[in-house]
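Protein chains: 2
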Amino acid sequence: MRIVLTGVAGFLGSHLAERLLQEGHQVLGLDNFLTGSRANVAALQAYPGFTFVQHDVEDPWPDLGPVDAVLHFASPASPNPRSPFGYPNLPIRTMRTNAWGTYHGLEMARAHAARFMLASTSEIYGDPEVHPQREDYWGHVNPVGERAVYDEAKRFAEAMTMAYHRRHGLDVRIVRIFNTYGPRMRMDDGRVIPNFIVQALRREPLTIYGQGEQTRSFCYVDDLIEGIVRLLFLEAAPFPVNLGNPQEYTILALARLVNELTGNPAGLRFEPAMYRQGDPKRRQPDITRARHLLGWEPTVALPEGLQRTIADFRQRLARGD
Amino acid sequence: MRIVLTGVAGFLGSHLAERLLQEGHQVLGLDNFLTGSRANVAALQAYPGFTFVQHDVEDPWPDLGPVDAVLHFASPASPNPRSPFGYPNLPIRTMRTNAWGTYHGLEMARAHAARFMLASTSEIYGDPEVHPQREDYWGHVNPVGERAVYDEAKRFAEAMTMAYHRRHGLDVRIVRIFNTYGPRMRMDDGRVIPNFIVQALRREPLTIYGQGEQTRSFCYVDDLIEGIVRLLFLEAAPFPVNLGNPQEYTILALARLVNELTGNPAGLRFEPAMYRQGDPKRRQPDITRARHLLGWEPTVALPEGLQRTIADFRQRLARGD
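Protein sequence lines correspond, in order, to chains A and B. For the first sequence, the numbering used here gives the first residue as 1, with consecutive numbering after it. For the second sequence, the numbering used here gives the first residue as 1, with consecutive numbering after it.
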């Protein structure tokens, strides 16, 4: 298949591109390097089936010839307001990447009767009032809150994707991605796993805000990509599908595990909980639908996934990336 | 003030334009006549301060010179899937009018350091789980449901409006408009008050789906416009404000009132409730914020407002509009 993939320079985009290229597909990767990495694209250039197009998906897309599938994975994705790569610092661009980018992708898919896949997110559930979250939960999002620039933009993108399906019979896929981690994550976008690994490798104490009792679930990237590929190549699935790891860890347990795996003797440092508007207390996928539909579930446990991620971070730090 | 107003050919847009023109403002009215009426624009041409620009707000806006305020009131607004003017039949255009239109309006306001007002809607509350709805209620919307093309687009527009306020310090207003009725409503967009009045004036029985026990609240258009104007000219109000009439009526009581006011002897006709996905069972504004902030509350009771609306419909039907 000839596949257009936006956000190809990003963490998930680059892993997905590699997997598709390894399976023999042609990948036309789009990115503007707003939050993605040139190193990720450089690595993909080794595959003859790969073509890179530097383009901002907010703007009308260039003609890329006939395509079989359009996968929209471009978007800033870190909620951290202290990172220049977090969407709180890229509010308008985040909204346009998701709304304009989805529209252009849908129009391209429609023009070529191609399949369209939207990378959506657990953020569409907002600060959920039910646990775990199933796909038919409508979510709990503040439309005028700080995080709305991401949450509402992804909800808009889902709504538009379904509108093209209903109106134009487009073959669509919506994957709601929960927290994912692994090699190639940005070290500096303020998310907890990169933060902890970088601190641990620098032999600094890991910073925990509050008591560290809030829980998170983390999916290893290879597991996630496996689920995405299965969903992409399924006969039909015009509805959202959660992909994530239901196993919950407290932030405290995660920090101890990172220190253990890196042999970091510096321990933990507790700081007062910073109030972050809309920061969900808990989020955990119900993956019943993915289990039944795709026969999928995560296979990489956190200690194993963290070890591989730590090895990657160690290499990149040594190279000075 | 020199005011840009989108959706000027629509029901609310034309009333708002008239009020602003009567107060001596200049109004640059935009519309593409997708759901608006040429007769509404023709009536406004009597005011020397009025300029009409036929334009689709989804597309980049023409240079309109210096402006003091941008008011975005364009959008299909009827949820009725049986009407060609309902947003279920204009899904992509509805989404683009609200997202692209809001963006272009915000950019114009930003370029001129002008005030921006978004016409939002009670639909952002979806099928609410609390009654009445206050502005801090986050709503209950299905992001992949049939009505999402409107609900999620308006939520996106609110989020983007707040992002421009937070990011660029833009002076913004968000009015969440509940059901409104009055002269100049489309007779054919499938909403309950026009449906009933047209049937009554034709001496047909009024069609009630189900038992008619679902409740609605209806605000007369002059009341709504008064609230909008007060909000527009307030010193600052960068948060949503509900405007609507909290008085609830059952559909059955409304139908009987219309028959009484029109002297329609044909009575009622009960049909099986049509399942309409996402149709809210109940929605009622909490207008405490508008009361405190604007000293506003509705003053026109339903029988009085209906009489004026019936008189307008009678004239238009006689003219063959």
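We put the beta carbon where it would ideally sit given N, CA and C, even for glycine.
{"query": "Roughly how far, in whole angstroms, is the beta-carbon of I174 of chain A from the beta-carbon of F239 of chain A, given that I think they are within contact range, below 8 Å?", "result": "7 Å"}
{"query": "Quick check: the Cα distance between E213 of chain B and Q247 of chain B, rounded to an integer number of angstroms?", "result": "15 Å"}
{"query": "Return the chain-ordered list of same chain residues with a C-beta closer than 6 Å to the C-beta of A114 of chain A, the five sequence neighbours on each side being excluded.", "result": "V67, D68, A69, V70"}
{"query": "What residues match up with L206 of chain B in a beta bridge as DSSP calls it?", "result": "B:L268"}
{"query": "Kindly indicate which three-state DSSP category I197 of chain B falls into: helix, strand or coil?", "result": "helix"}
{"query": "If we cut at 7 Å on Cβ distances, does E328 of chain A have a partner in chain B?", "result": "Residue 328 of chain A lies beyond the range of chain A shown here (1 to 321); nothing can be said about it."}
{"query": "Which chain B residues are close to E158 of chain A, counting only those with a beta carbon under 7 Å from its beta carbon?", "result": "P143, V144"}
{"query": "One question on the structure: do H336 of chain B and I287 of chain B come within less than 7 Å of each other, judged by their Cβ atoms?", "result": "With chain B covering 1 to 321 only, the question about residue 336 of chain B has no answer from this structure."}
{"query": "Within its chain, find whatever has a CB closer than 8 Å to the CB of G86 of chain A; leave out the 5 residues flanking it on each side and keep chain order.", "result": "P76, S78, P79, N80, D189, G190"}
{"query": "Step through the CB atoms of chain A and report whether any lies within less than 7 Å of the CB of P91 of chain B.", "result": "yes"}
{"query": "Thinking just about the alpha-carbon of each residue, which of A:P62, A:E129, A:F11, A:L234 is nearest to the one in G105 of chain A?", "result": "A:P62"}
{"query": "Use the C-beta contact count for F156 of chain B: other C-beta atoms within 10 angstroms, 16 or more gives buried, fewer gives exposed.", "result": "buried"}
{"query": "Taking the alpha-carbon positions, what's the R322 of chain A to D31 of chain B distance?", "result": "Because chain A spans 1 through 321 in this model, residue 322 of chain A falls outside it and cannot be assessed."}
{"query": "Using a Cβ distance threshold of 8 Å, determine whether the segment 296–316 of chain A contacts the segment 197–213 of chain B, with at least three qualifying pairs required.", "result": "no"}
{"query": "Apart from the five residues just before and just after Y220 of chain B, which ones in its own chain have a Cβ nearer than 6 Å to its Cβ?", "result": "G182, V300, G305"}
{"query": "Between which residues of its own chain and P205 of chain B is the CB-CB distance below 6 Å, once the five residues before and five after are set aside?", "result": "A266, G267, L268, R269"}
{"query": "What residue from B:T207, B:L261, B:R184 has the CA that sits closest to P272 of chain B's CA?", "result": "B:T207"}
{"query": "DSSP on S322 of chain B, reduced to helix/strand/coil?", "result": "With chain B represented from 1 up to 321, any question about residue 322 of chain B goes unanswered, as that position is not in the structure."}
{"query": "If contact means a Cβ-Cβ distance below 7 Å, which residues of the segment 24–42 of chain B contact chain A?", "result": "none"}
{"query": "Spell out whether any CB of chain B is found under 7 Å from the CB atom of A9 of chain A.", "result": "no"}
{"query": "What residues are listed by DSSP as bridge partners for E18 of chain A?", "result": "Paired residue(s): none; E18 of chain A is not in a bridge."}
{"query": "Does any heavy atom of the ligand FMN sit closer than 6 Å to the C-beta of E18 of chain B?", "result": "The model on display carries no ligand, and the ligand FMN is accordingly not part of it."}
{"query": "Could you say which of B:V258, B:V144, B:A236, B:R319 lies nearest to P88 of chain B if we only look at CA atoms?", "result": "B:V144"}
{"query": "Here's the rule I'm using: 16 or more other beta-carbon atoms within 10 Å means buried, otherwise exposed. How should D127 of chain A be labelled?", "result": "buried"}
{"query": "Return the first residue and the last residue of the alpha helix (DSSP H) that R314 of chain A is part of.", "result": "302–319"}
{"query": "List, in chain order, every chain B residue whose beta-carbon is nearer than 7 Å to that of H140 of chain A.", "result": "W138"}
{"query": "Could you check where the alpha helix (DSSP H) with Y125 of chain A kicks off and where it finishes?", "result": "Premise fails: Y125 of chain A is in no alpha helix (DSSP H) and is neither H nor E."}
{"query": "Return the bridge partner residues of I3 of chain B from the DSSP annotation.", "result": "B:V27, B:A69"}
{"query": "Helix, strand or coil for E297 of chain B per DSSP?", "result": "coil"}
{"query": "Can you confirm whether A148 of chain A, when its beta carbon is compared against all beta carbons of chain B, has any partner nearer than 7 Å?", "result": "yes"}
{"query": "Does the separation of the CB atoms of G227 of chain B and L243 of chain B fall below 7 Å?", "result": "yes"}
{"query": "Any C-beta of chain B within less than 8 Å: which residues of the segment 104–125 of chain A qualify?", "result": "I124"}
{"query": "Check the Cβ-Cβ distances between A77 of chain B and every residue of chain A, and say whether any is below 7 Å.", "result": "no"}
{"query": "At the level of alpha carbons, what is the spacing between V241 of chain B and F73 of chain B?", "result": "15 Å"}
{"query": "For chain A, is any of its Cβ atoms less than 7 Å away from the one on M95 of chain B?", "result": "yes"}
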